[in-house]
Every structure is written in C-alpha cells, then in structure tokens.
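Let me begin by presenting the structure, written as structure tokens, before commenting on it.
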Amino acid sequence: MPGPAPYNSAYHFGGIIVPPGYKNHVIDGLGNPYGTGHVTGEDGSIAVGEESLTAARAQGRRVAETAAALKAGFAAKAK
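Just so you know, we're using this note's numbering here: the sequence shown kicks off at 1 and counts up by one.
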C-alpha cells in the first residue's frame, strides 16, 4: 500500500494524521481517499478549481476542529 507510506515520518515525529473521513461529502467528487489535491500542469497554467478549493477548506476546517478537540481534551486532563 504505497499511499500511506509518507505518513511514516509524521508518525515518527509524533504527528497526528487527520483523514478526510467518509462522511465528508464535499470531497466525494475528487476521487482521492487521502484528501484533495491539484495538478497544475508542467507550466503551472492549470488553475485550482472551485471544487478543489471547497474540499481544501473543508479539510482545513476538519483539521482545526480536531486540533481544538485535542487541545480541550488535554486541558481538561491537566486539571
């Protein structure tokens, strides 16, 4: 399974991977279970489409919500 191999470095250094999740229908049309992406072409002339931008925003929101939940959990644990 070559896809997740790049995550090994993140795990090694204590990173947390936040996958897009199956219930995130914003990214359904992009066809990538590892999250949204964009290919610009050899000369960078292919602009990012609105579908990819919407998916990237949704993923960013998911990461921020996960980070906030972890922070709140660690704060509650410290009390």
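All C-beta atoms, glycine included, are put in the ideal place defined by N, C-alpha and C. A quick note: this is a predicted structure, and the numbers were derived from the prediction, not measured.
For residue i, name the three-state secondary structure that DSSP assigns.
i   : result
V63 : helix
K77 : helix
A56 : helix
E50 : helix
A72 : helix
Residue i: which of the options sits nearest, CA to CA?
i   : options            : result
E51 : K77, G35, L70      : G35
A55 : G14, P20, Y7, H12  : P20
G49 : A10, Q59, H38, D43 : H38
Cβ of residue i within 9 Å of Cβ of residue j?
i   : j   : result
V18 : R62 : yes
In the DSSP assignment, find the unbroken alpha helix (DSSP H) run with residue i in it and report its ends.
i   : result
S45 : S45 -> no alpha helix (DSSP H), and no H or E assigned at all.
Y7  : 7 to 12
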